[in-house]
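Data first, discussion second: the structure below is written as C-alpha cells.
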Amino acid sequence: MFLINTYLVLTFFVNLVYSLASDSSNSWHLVETFTKHWLANWTQETELKYGSILLESNISSQCYNSIRQYMTKLKSFDPNAVQSKLHTFSLLVRLSVKIFNHFLVFDSSGKIPSGLLQGSWTDLGAFDECLALPSSQYCLVYSKIPLIWSRKYEGFFHPSNQQLYNHDSNPTFHRLISQYGHYFLQMNITTGICLPLGCSVDELRLLLISGLSSHNSGLQFDVDSCQTHSYPVPWKKHEIIAASILLGVVIANIIGSFTSSVPILRFFDVPSNLDKVLSSPQHTPFPCLGGIKSLTMIYLICGHVVWGLLFNSFDNLFALPSTLVNPLGLSVLLGPDTVETFFLVNGLEMMTLVAFGGPFWHHLQSAASISSTCASTWLNHLFLISHYFNSPENWNTCLLADWYLEVDFIYVILFIFFITPFLGNKTFKPILNSTLIILVGTLITAIITIVYDVQTSWLPTNFVSNQFAKYLVYIHSKPWAHLSPYFFGVIQAFAMNSDKPKINKVRTLKTLNDNNVTIT
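Residue numbering for the sequence shown is -21 to -1, 1 to 499, as defined by mature numbering (1 follows the signal peptide of the UniProt record, and there is no 0).
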C-alpha cells in the first residue's frame, strides 16, 4: 500500500510539473511584461510627485545620484533594484526562482502595518534580503502623532478625555480614537524600508519629511538605525581593554586547568570549579532558600522580558487591558516587584550563612559583566558606581541591570558593620541596628518621593515618561529603597532560629571576604 501511495503521489507531481512547464513560457512572459509596465508607471508617477524635492532639498550629490540611479534601474526592470522595492508579486517571484531561477525579486521594504486599527505597530520588512544587495541600506522609519501629555500619568488603563475628540468625523473612527487614541502617546508606527546606499540618515530624514509634509497627514516622521553591509571597523580603546580582559580570563582558565604550580591559577581550574558549582551543600539551615531565590529570579526575569519586549511585538495591542485582568496577566504585572523578595532572601541568606551553620557554598565564586559598548561609562560600571551619577535627563548608564549589583554590594558593606556586634555574642543590638536601618531607608524614600514628586512604585502599564525616569533614578536603582526587604530578611533569620548563634570569627571574616569577591 505504501508503494502504491508513493507512486500515485509521484505521478501527480510529475503531471503537475509537466503541465506547468508546458504553459509557463507564456504565463511568466505576461507576468514579467505586466511587472515591467507597472514599475515604469509607478516610477514615473513618483518622479512627477517628488522629483522637485530632490532638486530643492539640501542633499549631497552622492545622495542625489544614488536615488536617480535607483529610479533608473526601476524603470529598466533591473533585478537588483526591483529586489528592494517590488512587493506586489513577491510570491510569484519566489515561485519563479524555484522553477526557472530566472531572476530574484524579493520585497524587502515594509509598509504601513497590517492591522494598525487593532494595535499592530510594526512592519519590519525583510532585513536580510535588503542587506544582501550591495547598493542598499536598511532603515527604520518612525511615525507618530504629536500629542500633548495632559495628565501626570498616562498609560494603557488611562483613556483620554473623550471631549478632546468632539470634532466632526466618521462615527466609527471617532469611537476607535476615543477608546485607543491615548496609545499614540507611547507607541510609534515603525516601518523597515530598503533605500539606496549613498544617503546619510540626516539626508533621508530631510527627504522623508519634505516628501510627506505635502500630504498634511498630521504625523511626525523620523529615520533611525540605518544599517549597511558589515565593513571592517577599527578597534576603540575601550574595546581593546574589554577584549584583553576577556582574553586574559580565557587564557587563565586554560592554564589553570592543566597546572597547579601557580597558586592564583588554581582559582581558574575549570574542572574543579564545575564540580563545586554543580555540587549541592550537605548541611544547610534552610534548604528552601536556594529554591525560593531561583524561582524568584526566574519570575523576575520573565516579568522584565515581557514588559521589555511585549509592546512592539503585540499583534493586537488594543486587547492588552483585557488580557491583563485575568490571573495570568496579573501575575506578569507583579513580576518586576519580586526584586524585593530577592533582596529579602539575600538578607536572610547572609545572616544564616554567617551565624547559623556557615556558608551555603564551600568555594569561591566570581562573576563580572563587561560591555564593549560602554565607551564613556565603563569605568563607573567596573567600580559599581555608575547609577550614583545619573539623572532623569541623563541616565548616564549603558548597563541598566547593574543597579542590582551596586545595591547588593552596598548591602554587603553595611552587613559588615551590622555583624560586628555578633563577634561579642550580642544578639539584641544587631536586631536593633536592622530596625533602625529599615526606618532610615523608609524615611529617605518617603522624603525623596515627596520632594521630587516621584511615583511610589513600578507601574508597568503606564507609559514611559519623566515621572517614570525620576522613579528609576531616585528610587528603584538606589540602595535606600530596598533596605527594608533586605534587613527584614536579616531579622527573619533570627526568628527562624531560636538557638543562640555560635560565631566563629575566622569563618565569619572568611565568609564576608568570599562574598565580597562574589559580588565584585
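Even for Gly, the Cβ is constructed at its ideal location relative to N, Cα and C.
Classify residue i as buried or exposed, calling it buried when 16 or more other Cβ atoms lie within 10 Å of its own Cβ.
{"i": "residue 229", "result": "exposed"}
{"i": "residue 195", "result": "exposed"}
{"i": "residue 539", "result": "Residue coverage of the chain in this structure runs from -21 to 499, which leaves residue 539 outside it and unanswerable."}
{"i": "residue 382", "result": "buried"}
{"i": "residue 249", "result": "exposed"}
{"i": "residue 199", "result": "exposed"}
{"i": "residue 24", "result": "exposed"}
{"i": "residue 282", "result": "buried"}
{"i": "residue 342", "result": "Note that residue 342 has pLDDT 28, beneath the 50 cutoff, so the model's placement of it is unreliable and the number below is only indicative. Flag for residue 342 reads exposed."}
{"i": "residue 31", "result": "exposed"}
{"i": "residue 257", "result": "exposed"}
{"i": "residue 156", "result": "buried"}
{"i": "residue 270", "result": "exposed"}
{"i": "residue -18", "result": "Legend: pLDDT at residue -18 = 42, less than 50; position of this residue unreliable, no value from coordinates given."}
{"i": "residue 416", "result": "buried"}
{"i": "residue 426", "result": "exposed"}
{"i": "residue 302", "result": "exposed"}
{"i": "residue 433", "result": "buried"}
{"i": "residue 515", "result": "Only positions -21 to 499 of the chain appear in the structure, and residue 515 is not among them; the question remains open."}
{"i": "residue 450", "result": "buried"}
{"i": "residue 369", "result": "buried"}
{"i": "residue 239", "result": "exposed"}
{"i": "residue 500", "result": "Missing from the structure shown is residue 500; the chain here goes from -21 to 499 and no further."}
{"i": "residue 394", "result": "buried"}
{"i": "residue 252", "result": "buried"}
{"i": "residue 468", "result": "buried"}
{"i": "residue 80", "result": "Because residue 80 sits at a pLDDT of 29, beneath the cut-off of 50, its placement in the model cannot be relied upon, and the point is left open."}
Do residue i and residue j have their C-beta atoms within less than 9 angstroms of each other?
{"i": "residue 371", "j": "residue 465", "result": "no"}
{"i": "residue 410", "j": "residue 364", "result": "no"}
{"i": "residue 92", "j": "residue 169", "result": "yes"}
{"i": "residue 414", "j": "residue 460", "result": "no"}
{"i": "residue 297", "j": "residue 159", "result": "yes"}
{"i": "residue 222", "j": "residue 173", "result": "no"}
{"i": "residue 193", "j": "residue 114", "result": "no"}
{"i": "residue 397", "j": "residue 412", "result": "yes"}
{"i": "residue 247", "j": "residue 236", "result": "yes"}
Give me the Cβ distance between residue i and residue j, rounded to the nearest whole Å; I'm assuming they're in contact under 8 angstroms.
{"i": "residue 119", "j": "residue 203", "result": "5 angstroms"}
{"i": "residue 117", "j": "residue 205", "result": "7 angstroms"}
{"i": "residue 234", "j": "residue 225", "result": "That belief does not hold up - the Cβ atoms of residue 234 and residue 225 are roughly 15 angstroms apart, past 8 angstroms."}
{"i": "residue 166", "j": "residue 100", "result": "5 angstroms"}
{"i": "residue 438", "j": "residue 134", "result": "7 angstroms"}
{"i": "residue 444", "j": "residue 366", "result": "With a Cβ gap of about 20 angstroms, residue 444 and residue 366 do not count as contacting."}
{"i": "residue 161", "j": "residue 137", "result": "6 angstroms"}
{"i": "residue 386", "j": "residue 458", "result": "5 angstroms"}
{"i": "residue 33", "j": "residue 43", "result": "6 angstroms"}
What residue from the options has the CA that sits closest to residue i's CA?
{"i": "residue 197", "options": "126, 217, 150, 387", "result": "126"}
{"i": "residue 191", "options": "215, 49, 29, 105", "result": "29"}
{"i": "residue 96", "options": "163, 247, 34", "result": "163"}
{"i": "residue 408", "options": "220, 300, 473", "result": "473"}
{"i": "residue 308", "options": "440, 239, 88", "result": "440"}
{"i": "residue 22", "options": "8, 5, 49", "result": "49"}
{"i": "residue 299", "options": "356, 98, 275", "result": "98"}
{"i": "residue 90", "options": "171, 446, 387, 392", "result": "171"}
{"i": "residue 123", "options": "114, 188, 429", "result": "188"}
{"i": "residue 277", "options": "435, 400, 310, 43", "result": "310"}
{"i": "residue 384", "options": "399, 94, 362", "result": "362"}
{"i": "residue 358", "options": "240, 7, 231, 220", "result": "220"}
Would the beta-carbon of residue i be found less than 8 angstroms away from any heavy atom of the ligand PLP?
{"i": "residue 133", "result": "The ligand PLP is absent from the structure shown, which contains no ligands of any kind."}
When you compare the region 104 to 123 with the region 419 to 426, are there three or more beta-carbon pairs, one atom per stretch, that lie closer than 8 angstroms?
no
Okay, do the region 171 to 190 and the region 35 to 45 touch, 3+ Cβ pairs below 8 angstroms being the bar?
yes
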